[in-house]
Amino acid sequence: MSYSAKQLSDLSGVSVRTLHYYEEQGLLNPSRGENNYRMFGPAEIDRLQQILLYRELGFALKEIARILDAPDFDQRVALQAHLRRLEKKQNELSRIATSVQQMLVAMEGGLAMTDEERFESIKQMLIEENEKTYGAEIRDRYGDEMVDASNAQVAGMSKESWDRAQTLEAEIKDALRTAVASGDPAGVAAQQLCVLHGEWLCMFWPEGTYSIEAHRALGEGYVSDKRFTSYYEEVVQGGAEFLRDALNVYEG
Numbered sequence: 589m590s591y592s593a594k595q596l597s598d599l600s601g602v603s604v605r606t607l608h609y610y611e612e613q614g615l616l617n618p619s620r621g622e623n624n625y626r627m628f629g630p631a632e633i634d635r636l637q638q639i640l641l642y643r644e645l646g647f648a649l650k651e652i653a654r655i656l657d658a659p660d661f662d663q664r665v666a667l668q669a670h671l672r673r674l675e676k677k678q679n680e681l682s683r684i685a686t687s688v689q690q691m692l693v694a695m696e697g698g699l700a701m702t703d704e705e706r707f708e709s710i711k712q713m714l715i716e717e718n719e720k721t722y723g724a725e726i727r728d729r730y731g732d733e734m735v736d737a738s739n740a741q742v743a744g745m746s747k748e749s750w751d752r753a754q755t756l757e758a759e760i761k762d763a764l765r766t767a768v769a770s771g772d773p774a775g776v777a778a779q780q781l782c783v784l785h786g787e788w789l790c791m792f793w794p795e796g797t798y799s800i801e802a803h804r805a806l807g808e809g810y811v812s813d814k815r816f817t818s819y820y821e822e823v824v825q826g827g828a829e830f831l832r833d834a835l836n837v838y839e840g
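So in my numbering, spot 201 of the sequence shown is number 789, and the numbers just go up one at a time.
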């Protein structure tokens with residue numbers, strides 16, 4: 589059985605506009621029926637299901653297209669992988685839900701959460717928020733293995749390491765203000781800024797993945813991505829560009 593775009597939209601909950609966009613991106617290839625209307629048959633419906641599953645898991649459209657169009661793509665294997673990822677996500681959400689429940693019980697019952705319980709809640713919520721906001725793009729750029737390893741590193745971070753990371757963030761902001769005021773990306777203040785920033789990164793990046801080249805590439809990303817540019821601009825005007833310039837002469 590085949591469906592028009594409107595019928596498939598009603599059936600799947602995906603807007604007609606989104607279906608058209610998937611077609612423009614080469615993800616869907618509907619046939620043309622009477623009056624040149626788009627018609628989606630069983631193969632396209634199966635493919636849409638795969639697209640939606642991968643989107644739910646945080647994959648970018650570019651990565652989804654690469655996976656589905658691979659010569660060795662196997663739907664059964666893909667579904668098994670989907671299931672493993674969903675079970676993992678379910679476990680992560682379950683941990684976060686438990687943390688929130690503990691906080692509510694503590695508030696309603698007048699009980700104080702231990703520092704350890706509060707700390708674990710904060711880490712789990714940070715991981716989930718980062719996945720929700722940046723998950724698709726960073727997995728597309730760096731791969732699942734590295735992102736999963738980074739999440740595991742945050743989840744396993746000790747209270748002392750967490751406190752050090754928060755302290756470092758404040759020190760980086762102070763150092764950035766001082767370095768920008770100096771006006772010299774190659775100066776002592778700017779290079780000390782790079783040292784602090786590198787130490788902070790290594791607390792979140794998996795062991796062995798840091799390199800000056802990767803650090804410099806991140807600096808370029810701070811300038812090209814408005815979300816990060818605005819973060820550093822709030823610290824000091826021109827902060828993102830100055831940090832990038834300092835990293836470009838940083839030797840480690």
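All residues carry an ideal CB built from backbone N, CA and C; glycine is no exception.
For residue i, the residue or residues it bridges with in DSSP
i, result
"Y591", "F628"
Three-state class that DSSP yields for residue i in the structure shown
i, result
"S619", "strand"
"G807", "helix"
"A658", "coil"
"T766", "helix"
"V742", "helix"
"F830", "helix"
"D813", "coil"
"M713", "helix"
"Y819", "helix"
"A685", "helix"
"A540", "Absent from the structure is residue 540, since the part of the chain shown begins at 589 and ends at 840."
"V783", "helix"
"G723", "helix"
"T797", "coil"
"Q663", "helix"
"D728", "helix"
"Y838", "coil"
"S603", "coil"
Alpha carbon of residue i to alpha carbon of residue j, nearest angstrom
i, j, result
"T817", "R765", "15 angstroms"
"E839", "R729", "25 angstroms"
"G786", "A724", "24 angstroms"
"V665", "H803", "36 angstroms"
"L756", "Y722", "22 angstroms"
"G629", "K650", "23 angstroms"
"I652", "L640", "10 angstroms"
"L645", "R673", "7 angstroms"
"R605", "E612", "10 angstroms"
"E733", "D657", "21 angstroms"
"L671", "S600", "20 angstroms"
"A777", "A834", "10 angstroms"
"Q668", "A737", "21 angstroms"
"E708", "Q678", "17 angstroms"
"Y798", "W788", "11 angstroms"
"N739", "Q779", "28 angstroms"
"G807", "S682", "35 angstroms"
"Y610", "S603", "11 angstroms"
Whole-number beta carbon distance between residue j and residue i, since they are thought to touch under 8 angstroms
i, j, result
"R727", "F647", "7 angstroms"
"I715", "V735", "No, I715 and V735 are not in contact; Cβ-Cβ is about 10 angstroms, not under 8 angstroms."
"Y810", "L831", "6 angstroms"
"L607", "S597", "6 angstroms"
"V823", "K761", "5 angstroms"
"Y642", "I655", "7 angstroms"
"A763", "L781", "4 angstroms"
"R620", "R626", "7 angstroms"
Chain C within 8 angstroms of residue i, Cβ atoms only
i, result
"Y838", "Although the question refers to chain C, the structure presented lacks it and comprises just one protein chain."
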